[in-house]
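Numbered according to our numbering, the sequence shown spans residues 187 to 271.
Note that beta-carbon positions come from the ideal geometry of N, C-alpha and C, so glycine has one too.
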Amino acid sequence: MKSLICEKCGSNDFFEKNSYRICKYCNTKYVLDADDAKPKSSSISLNNDIKMLLQKCRDDPANARRYANLILDIDSDNEEAKRYL
Ligand SMILES: [Zn+2]
């Protein structure tokens with residue numbers, strides 16, 4: 187956990203409740219910088235993987251089928267990948 191200093195009283199004593207970090211001394215609430223952005227970014231990176239694999243299908247037709255299968259592992263409904271099977 188990152189150490190945090192209360193902006194109001196300078197204390198670094200906090201407790202966590204729900205998704206807040208609360209100063210034990212003055213009760214100032216801070217939103218935890220949660221990792222809740224992670225699921226989103228991982229789906230973006232999957233989309234990037236798919237794009238990259240589709241590009242490989244185009245660049246390397248001899249192995250396109252293999253790349254297409256990898257794409258379909260990630261996204262079994264990918265129409266573009268199905269064309270390479
Ligand atoms: Zn405080």
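Among residues of its own chain, excluding the 5 on either side of Leu256, which ones have a beta-carbon nearer than 6 Å to its beta-carbon?
Leu239
Cβ of Lys215 versus every heavy atom of ligand 1: is any distance shorter than 6 Å?
no
Just to confirm my understanding: we take Ala267, look at its own chain, exclude 5 residues before and 5 after, and list those with CB closer than 6 Å. What are they?
Ala254, Ile257 and Leu258
Alpha carbon to alpha carbon, how far is Gly196 from Thr214?
11 Å
Is it right to say Arg251 is buried, meaning 16 or more other beta carbons lie within 10 angstroms of its own, or is it exposed?
With fewer than 16 Cβ atoms within 10 Å of its Cβ, Arg251 is classed as exposed.
Give every residue of the same chain whose Cβ lies closer than 6 Å to the Cβ of Cys212, excluding the five residues on either side of it in the sequence, and list them in chain order.
If we look at Cys212 and ignore the five residues flanking it on each side, its Cβ neighbours are Lys194 and Cys195.
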